[in-house]
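J.: Taking the UniProt record's numbering, the leading residue of the sequence shown gets 1, the next gets one more, and so forth. Note that beta-carbon positions come from the ideal geometry of N, C-alpha and C, so glycine has one too. Nothing here was measured: the structure is a model prediction, and the numbers come from that model. Take this structure first; my questions come after.
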Amino acid sequence: MRTKMTNNHAIVIGGSMAGLVVARILSDRFEQVTLIERDQFPCGAIARKGIPQSRHLHVLLQQGQLILERFFPGLGEEMIAAGAHLIDVTADMMWLTPAGWGVRFPSNVSMLGFSRDLLDWIIRRRLATINNIRFVEGCDVMGLLSNTDGTCVAGVSLRSRTSEEEQLHADLVVDASGRSSKSPQWLKALGYQPPQETVLNAFLGYTSRLYRLPTDFQSDWKVVCLQAAPPTRTRAAAFMPLEENRWILTVYGGDSDYPPTDEAGLLEFVRSMPCSSIYNAIKNAEPLSQIYSYRGTENRWRHYERLPRYLEGFLVLGDAACAFNPVYGQGMTIAVLGASTLDECLHQQRQYQPNGDFTGLARRFQKKLAKINAVPWLLATSEDYRYRGTEGKPPSLLTQLMHRYMDRVVQLTTNHADVRLALLEVMHMVKPPATLFQPRIVIPVLKQLFKLN
Ligand SMILES: Cc1cc2nc3c(=O)[nH]c(=O)nc-3n(C[C@H](O)[C@H](O)[C@H](O)COP(=O)(O)OP(=O)(O)OC[C@H]3O[C@@H](n4cnc5c(N)ncnc54)[C@H](O)[C@@H]3O)c2cc1C
Numbered sequence: 001m002r003t004k005m006t007n008n009h010a011i012v013i014g015g016s017m018a019g020l021v022v023a024r025i026l027s028d029r030f031e032q033v034t035l036i037e038r039d040q041f042p043c044g045a046i047a048r049k050g051i052p053q054s055r056h057l058h059v060l061l062q063q064g065q066l067i068l069e070r071f072f073p074g075l076g077e078e079m080i081a082a083g084a085h086l087i088d089v090t091a092d093m094m095w096l097t098p099a100g101w102g103v104r105f106p107s108n109v110s111m112l113g114f115s116r117d118l119l120d121w122i123i124r125r126r127l128a129t130i131n132n133i134r135f136v137e138g139c140d141v142m143g144l145l146s147n148t149d150g151t152c153v154a155g156v157s158l159r160s161r162t163s164e165e166e167q168l169h170a171d172l173v174v175d176a177s178g179r180s181s182k183s184p185q186w187l188k189a190l191g192y193q194p195p196q197e198t199v200l201n202a203f204l205g206y207t208s209r210l211y212r213l214p215t216d217f218q219s220d221w222k223v224v225c226l227q228a229a230p231p232t233r234t235r236a237a238a239f240m241p242l243e244e245n246r247w248i249l250t251v252y253g254g255d256s257d258y259p260p261t262d263e264a265g266l267l268e269f270v271r272s273m274p275c276s277s278i279y280n281a282i283k284n285a286e287p288l289s290q291i292y293s294y295r296g297t298e299n300r301w302r303h304y305e306r307l308p309r310y311l312e313g314f315l316v317l318g319d320a321a322c323a324f325n326p327v328y329g330q331g332m333t334i335a336v337l338g339a340s341t342l343d344e345c346l347h348q349q350r351q352y353q354p355n356g357d358f359t360g361l362a363r364r365f366q367k368k369l370a371k372i373n374a375v376p377w378l379l380a381t382s383e384d385y386r387y388r389g390t391e392g393k394p395p396s397l398l399t400q401l402m403h404r405y406m407d408r409v410v411q412l413t414t415n416h417a418d419v420r421l422a423l424l425e426v427m428h429m430v431k432p433p434a435t436l437f438q439p440r441i442v443i444p445v446l447k448q449l450f451k452l453n
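So, in structure tokens, the structure goes:
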């Protein structure tokens with residue numbers, strides 16, 4: 001039996017970044033989209049249980065911002081109107097790299113300083129104005145339904161805290177339920193092989209707190225980022241302005257050097273950093289929140305692209321498919337890139353299967369998504385290998401060579417504006433990694449290696 005692309009009903013599981021953007025995209029292609037979220041959505045930029053990471057600093061890379069702007073025109077302006085800060089990442093940021101301070105100069109690489117809760121709230125508010133999107137809140141998806149011969153997805157079973165388990169039918173189901181996704185078990189229950197997993201863990205822990213700074217506080221920076229330099233310096237800290245005149249402090253330690261969660265311990269952790277800017281800012285600041293910690297930071301890739309057989313019409317993306325160590329700030333951008341890839345795949349599906357059929361979509365989508373995940377995965381995991389205690393497959397020769405090359409590139413970012421700009425453009429995914437191998441970068445790297453001037 002084949003899946004008929006009736007375009008009647010699509011279900012999205014999970015209402016965080018991946019799920020929200022997918023719902024927006026599917027609303028153009030389906031008569032009805034149902035987004036099922038375990039939590040009740042708060043009315044406003046308020047934290048909720050299902051995304052505990054929102055208590056910690058979130059950077060949206062420029063590429064993520066550009067894609068979001070395509071699906072939600074005017075989003076950046078709306079964020080700024082709501083109090084987000086526009087930050088020039090080379091001029092407004094004091095960035096301590098493992099090789100010293102990154103050179104500062106004005107550029108066109110910018111980002112916004114905002115709380116994760118604000119971004120999600122503004123996107124949810126936009127979705128609420130789209131007539132064919134329905135939010136089903138306070139409901140857990142419990143499993144997948146398949147058609148009679150088990151070849152295609154037919155919907156999901158779900159349960160709210162107050163009702164019996166029920167079934168909801170759909171032509172397409174997208175799992176965007178994050179790291180804790182149960183899709184491997186759900187597929188197994190239907191007789192499908194679950195995906196293989198690759199896990200790499202640098203045992204990194206986050207601690208964060210919100211502050212209000214004294215009104216007379218002055219600085220020549222908007223953001224301070226004190227990067228770790230593993231294996232020797234395992235600690236890092238960042239301090240960034242948010243909406244409503246608040247600031248967020250996020251510190252982390254790798255190699256199980258987890259930051260403390262008590263007030264005195266946190267202050268001492270910040271004081272132990274190689275620069276006192278953040279410590280000086282927070283020592284007399286007013287704390288506005290509890291101290292929050294988070295440790296589930298391992299890189300985890302569930303290889304849906306390698307499945308021998310696909311449940312047609314069932315797709316997995318966002319952290320549910322591939323979650324990264326968050327310190328590289330890639331998760332939201334990869335989630336929206338994945339959603340945008342789904343948009344392209346649905347468009348192409350019409351050309352492959354003009355009669356409206358989802359056969360082959362799952363395989364094609366998961367393979368394309370894997371290609372997108374490959375570069376950020378390489379970046380995150382190769383940096384994580386610098387920690388002594390990292391658990392996972394041993395580093396390849398390529399990783400070791402990349403460390404040596406990147407050390408030289410980072411060294412150059414302390415006094416070459418063009419190299420710093422190129423590195424940031426690659427990190428913000430607006431330029432491909434090959435940019436770092438152009439002659440204008442390779443030549444100074446080689447000069448440095450051979451100590452030429
Ligand atoms: C400490 C930390 C810091 C981070 N910092 C950054 C950063 O600076 N920049 C960046 O881009 N990314 C960052 N990330 C990653 C980013 O938060 C995620 O990549 C992003 O939220 C996309 O995830 P997602 O939507 O796939 O899943 P999640 O955000 O995990 O959301 C999953 C959603 O699904 C719901 N759900 C789960 N199971 C079910 C179910 N069975 N039924 C119904 N609903 C369900 C959950 O309640 C939740 O709402 C960070 C992550 C962490 C942990």
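Between residue 459 and Lys-371, is the Cβ-Cβ spacing less than 8 Å?
T.: Nothing can be reported for residue 459: it is not among the residues displayed for the chain, which extend from 1 to 453.
J.: Distance check for Leu-436 and Asp-418, CA to CA, integer angstroms please.
T.: As a working mapping, residue 418 is identified with position 418 in the sequence shown. As a working mapping, residue 436 is identified with position 436 in the sequence shown. Each residue's alpha carbon lies about 11 Å from the other.
J.: Let me check one thing: in DSSP terms, what residues is Phe-239 bridge-paired to?
T.: Position 239 of the sequence shown, counting from 1, holds the residue named residue 239. Partner(s): Val-224, Leu-249.
J.: Three or more C-beta pairs under 8 Å: does that hold for the stretch 266 to 282 against the stretch 158 to 165?
T.: No: fewer than three Cβ pairs fall under 8 Å.
J.: If you draw a straight line from the alpha carbon of Pro-194 to that of Val-21, how long is it in whole angstroms?
T.: Residue numbering aside, residue 194 sits at position 194 when the sequence shown is read from its first letter. Residue numbering aside, residue 21 sits at position 21 when the sequence shown is read from its first letter. Computed Cα separation, rounded: 25 Å.
J.: Closer than 7 Å: is that where the CB of Gln-400 sits relative to any heavy atom of ligand 1?
T.: Residue 400 sits at position 400 when you count from the first residue of the sequence shown. Every heavy atom of ligand 1 is 7 Å or more from the Cβ of Gln-400, so no.
J.: Look at Tyr-206 and Leu-288 and say whether their C-beta atoms are less than 8 Å apart.
T.: Here residue 206 refers to the residue found at position 206 when the sequence shown is read from its first residue. Here residue 288 refers to the residue found at position 288 when the sequence shown is read from its first residue. Their beta carbons are not under 8 Å apart, which means Tyr-206 does not touch Leu-288 by this criterion.
J.: For Phe-365 and Asp-171, what's the separation of their Cα atoms in angstroms?
T.: Indexing the sequence shown from 1 puts residue 365 at position 365. Indexing the sequence shown from 1 puts residue 171 at position 171. So the two alpha carbons sit approximately 16 Å from each other.
J.: Going residue by residue through the stretch 329 to 397, where are the continuous beta strand (DSSP E) segments of at least 3 residues, counting only ones entirely within it?
T.: The qualifying runs do not exist here; there are none.
J.: Within the stretch 194 to 219, note down every full beta strand (DSSP E) run reaching 3 residues or more, in order along the chain.
T.: Runs of the beta strand (DSSP E) inside the stretch 194 to 219: 197 to 200, 205 to 212.
J.: What do you reckon, is the C-beta of Tyr-385 under 7 Å from a heavy atom of ligand 2?
T.: This structure lacks ligand 2; its bound ligands are ligand 1.
J.: Among Gly-178, Ile-122, Gln-411, which has the Cα closest to the Cα of Ala-320?
T.: As a working mapping, residue 320 is identified with position 320 in the sequence shown. It is Gly-178.
J.: Rank Ala-264, Tyr-304, Trp-301, Leu-249 by C-alpha distance to the C-alpha of Ser-278 and give the top, closest one.
T.: Numbered from 1 along the sequence shown, position 278 holds the residue referred to as residue 278. Residue identity check: residue 278 is Ile in the sequence provided, not Ser. For the residues Ala-264, Tyr-304, Trp-301, Leu-249, the minimum Cα distance to Ile-278 belongs to Leu-249.
J.: Please determine whether the Cβ atom of Glu-69 lies at a distance below 7 Å from any heavy atom of ligand 1.
T.: Working through the sequence shown from its first residue, we reach residue 69 at position 69. Answer for Glu-69: no, Cβ out of range of ligand 1.
J.: Does Tyr-352 pass the burial test, meaning 16 or more other C-beta atoms within 10 Å, or should it be called exposed?
T.: Residue 352 sits at position 352 when you count from the first residue of the sequence shown. By the 10 Å Cβ count, Tyr-352 comes out exposed.
J.: Would you tell me roughly how many angstroms separate the C-alpha atoms of Pro-394 and Thr-297, rounded to the nearest one?
T.: Position 394 of the sequence shown, counting from 1, holds the residue named residue 394. Position 297 of the sequence shown, counting from 1, holds the residue named residue 297. In a straight line, the C-alpha of Pro-394 is about 19 Å away from that of Thr-297.
J.: Excluding the five sequence neighbours on either side, which residues of its own chain have a C-beta within less than 7 Å of the C-beta of Gly-392, listed in chain order?
T.: Locating residue 392 in the sequence shown gives position 392, counting from the first residue. Excluding residues within five positions, the ones whose Cβ falls inside 7 Å are Val-199, Leu-200, Asn-201.
J.: Can you give the Cα-Cα distance for Gly-318 and Lys-451, rounded to whole angstroms?
T.: The sequence position of residue 318 within the sequence shown is 318, counting from 1. The sequence position of residue 451 within the sequence shown is 451, counting from 1. Cα-Cα distance, rounded: 44 Å.
J.: Would the beta-carbon of Leu-144 fall within 8 Å of that of Val-156?
T.: Mapped onto the sequence shown, residue 144 falls at position 144. Mapped onto the sequence shown, residue 156 falls at position 156. Closer than 8 Å, so yes.
J.: Could you check the C-alpha separation between Pro-184 and Ala-323 for me, to the nearest Å?
T.: As a first step, residue 184 is located in the sequence shown; it is residue number 184 there, counting from the start. As a first step, residue 323 is located in the sequence shown; it is residue number 323 there, counting from the start. Looking at the two C-alpha atoms, the distance is approximately 15 Å.
J.: Identify, in the order they occur along the chain, each residue of the same chain with its Cβ nearer than 8 Å to the Cβ of Glu-77, setting aside the five sequence neighbours on each side.
T.: The count along the sequence shown starts at 1 and reaches residue 77 at position 77. If we look at Glu-77 and ignore the five residues flanking it on each side, it has no Cβ neighbours.
J.: In chain order, what residues of the same chain lie with their CB nearer than 7 Å to the CB of Arg-104, ignoring the 5 residues before and after it?
T.: Residue 104 sits at position 104 when you count from the first residue of the sequence shown. Hits under 7 Å: Thr-90, Ala-91.
J.: How about Ala-99 and Gln-448: do their beta carbons lie closer than 8 Å?
T.: Along the sequence shown, one-based indexing puts residue 99 at 99. Along the sequence shown, one-based indexing puts residue 448 at 448. No, Cβ-Cβ distance for Ala-99 and Gln-448 is not below 8 Å.
J.: Any chance you could list the beta strand (DSSP E) runs of at least 3 consecutive residues sitting entirely within the stretch 286 to 318, in chain order?
T.: Qualifying beta strand (DSSP E) stretches, in chain order: 292 to 294, 299 to 302, 314 to 316.
J.: Identify the residues that DSSP records as bridge partners of Leu-86: which are they?
T.: Taking the sequence shown and counting its residues from 1, the one referred to as residue 86 is at position 86. DSSP output for Leu-86 lists Leu-112 as bridge partner(s).
J.: Excluding the five sequence neighbours on either side, which residues of its own chain have a C-beta within less than 8 Å of the C-beta of Pro-106, listed in chain order?
T.: Position 106 of the sequence shown, counting from 1, holds the residue named residue 106. Asp-88, Thr-90, Ala-91.
J.: With DSSP as the reference, identify every bridge partner of Trp-95, one or two as the case may be.
T.: For the purposes of this step, residue 95 is taken as the residue at position 95 of the sequence shown. Beta-bridge pairing links Trp-95 to Cys-225.
J.: On a Cα-Cα basis, can you pick out the residue from Glu-69, Gly-138, Glu-286, Glu-268 that is closest to Asn-245?
T.: In the sequence shown, residue 245 corresponds to position 245, counting from 1. It is Glu-286 whose Cα lies nearest to the Cα of Asn-245.
J.: What residue from Thr-234, Asp-175, Arg-302 has the CA that sits closest to Phe-203's CA?
T.: Taking the first residue of the sequence shown as position 1, residue 203 is located at position 203. Of the listed residues, the one whose Cα sits closest to Phe-203 is Thr-234.
J.: Verify the contact flag: His-428, CB atom, against every heavy atom of ligand 1, threshold strictly below 7 Å.
T.: By 1-based counting over the sequence shown, the position of residue 428 is 428. No, the beta carbon of His-428 sits no closer than 7 Å to any heavy atom of ligand 1.
J.: Could you give the distance in angstroms between the alpha-carbon of Phe-314 and the alpha-carbon of Gln-227?
T.: Counted from its first residue, the sequence shown places residue 314 at position 314. Counted from its first residue, the sequence shown places residue 227 at position 227. Their backbone Cα atoms lie some 39 Å apart in a straight line.
J.: Figure out for me which residue from Leu-398, Leu-267, Asp-117 has the closest Cα to the Cα of Leu-378.
T.: What you label residue 378 is simply residue 378 of the sequence shown in a count that begins at 1. Out of Leu-398, Leu-267, Asp-117, Leu-398 has the C-alpha closest to the C-alpha of Leu-378.
J.: Work out the CA separation of Leu-66 and Asn-147 for me, nearest whole Å.
T.: Position 147 of the sequence shown, counted from the first residue, corresponds to residue 147. Position 66 of the sequence shown, counted from the first residue, corresponds to residue 66. Their Cα atoms are separated by approximately 39 Å.
J.: Using DSSP with H/G/I as helix, E/B as strand and the rest coil, what is Ile-11?
T.: Start at 1 with the first residue of the sequence shown, and residue 11 comes out as number 11. Strand at Ile-11.
J.: For the candidate residues Thr-151, Leu-127, Arg-159, Asn-132, whose alpha-carbon lies nearest to that of Met-142?
T.: Position 142 of the sequence shown, counting from 1, holds the residue named residue 142. Among Thr-151, Leu-127, Arg-159, Asn-132, the Cα nearest to that of Met-142 belongs to Arg-159.
J.: Assuming Val-223 contacts Met-93 (C-beta within less than 8 Å), just tell me the rounded distance between them.
T.: The sequence position of residue 223 within the sequence shown is 223, counting from 1. The sequence position of residue 93 within the sequence shown is 93, counting from 1. Right, their Cβ atoms sit about 4 Å apart.
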